[in-house]
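Notes follow the structure.
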Amino acid sequence: MMGGGPMQTPGGPMQTPVISILRFEFVPSTGPFQFQLFQRPSRWEISGCVRNISAEKLAQQGEGEARLKDIEMTMTLRHFPMRALALHYLRLCAKEGRWDGVTHMAKSIHSTVAEGMLLPLSEVRHYRLPLALFWASALGNLAGVCTDGVLSRLTADFIRRNPDDVAAILPLISTLPPAVQTAFKNTLKNAINPEDEETFATLHNALIKEAGDRRRLEAEIEDLRRENATLNEEVRRSMEGQQQRQQ
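Per UniProt numbering, the very first residue in the sequence shown carries number 1; after that it's consecutive.
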């Protein structure tokens, strides 16, 4: 906001700069999520710059003697509850390791919007690798800028610091664009120093844990399928019995 006392203009009389009415729009309901997960506060800062109303225009409107203390600012707060809900769902999917939910969400929204979200997802502080790659796997043919953005964030140092993320995304590597597959393979090689036993052991243990969790999940799914088949068979027999009794 600008304003204050009189100001001398070149070749003219004293004028009083007065701030015009500003209208801000932001989404407070998603603010905490954006700062915590996306970690891009500079893009969400509220800012604005407008020209001062000239003294002549104020005089025409009957406000020639207006001062800063007399100015009222109008602020519009716009909420997007469905957008906030979608982002919250994405955050929960990442926290709980439900990467199929991330993939389904990317497939469910407009392709242009999905591509626009890929680069911000590749810059988050937590769950960066699986979020970006599971999201990318759902988009199919990525534009060059999207692929380059993902590749620039696949660093050996990041893989060393996030072995659990590496284990989580191994099953989907074959579904990614060839350039991303090659970059991941080369980066993984560079991240594993043969002389660094600690890093290798950490990554090895993460891979074993991921494989074990996957086997347990597959077993649970198979059990549920059998239970569902049994229930369906019982329902079918019950309906057949009712039909026979009615006849």
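We put the CB at the ideal spot given by N, CA and C, even for glycine.
* Asked: On the three-pair Cβ rule with 8 Å, is the stretch 102-112 touching the stretch 215-232?
  -> For the pair of segments examined, the stretch 102-112 was found not to touch the stretch 215-232: the number of CB pairs separated by less than 8 Å stays below three.
* To do: Would you check if the distance between the CB atom of Leu133 and the CB atom of Ile169 is smaller than 7 Å?
  => By 1-based counting over the sequence shown, the position of residue 133 is 133. By 1-based counting over the sequence shown, the position of residue 169 is 169. Contact flag set, yes.
* **Integer-rounded CB distance, given that Ser137 should sit under 8 Å from Thr175** => Numbered from its first residue, the sequence shown carries residue 175 at position 175. Numbered from its first residue, the sequence shown carries residue 137 at position 137. The pair is a contact, with the Cβ atoms about 5 Å apart (cut-off 8 Å).
* Asked: Taking just the CA atoms, how far does Leu231 sit from Arg237?
  -> Working through the sequence shown from its first residue, we reach residue 237 at position 237. Working through the sequence shown from its first residue, we reach residue 231 at position 231. So the alpha carbons of these two residues sit roughly 10 Å apart.
* Per-residue DSSP class, three states only, for Phe80 -> By one-based count along the sequence shown, residue 80 stands at place 80. Coil at Phe80, not helix or strand.
* Would the stretch 114-129 and the stretch 153-160 be scored as touching if the rule is three or more Cβ pairs under 8 Å? -> Touching, per the Cβ criterion.
* To do: Verify whether the separation of the beta carbon atoms of Ala206 and Pro163 is less than 7 Å.
  => The residue given as residue 206 occupies position 206 in the sequence shown. The residue given as residue 163 occupies position 163 in the sequence shown. Their beta carbons are under 7 Å apart, which means Ala206 touches Pro163 by this criterion.
* Using alpha carbons as the reference points, say which of Thr74, Pro130, Arg160 lies closest to Gly97. => Counting from 1 along the sequence shown, the entry for residue 97 is found at position 97. Looking at the Cα atoms, Pro130 is the closest of the given residues.
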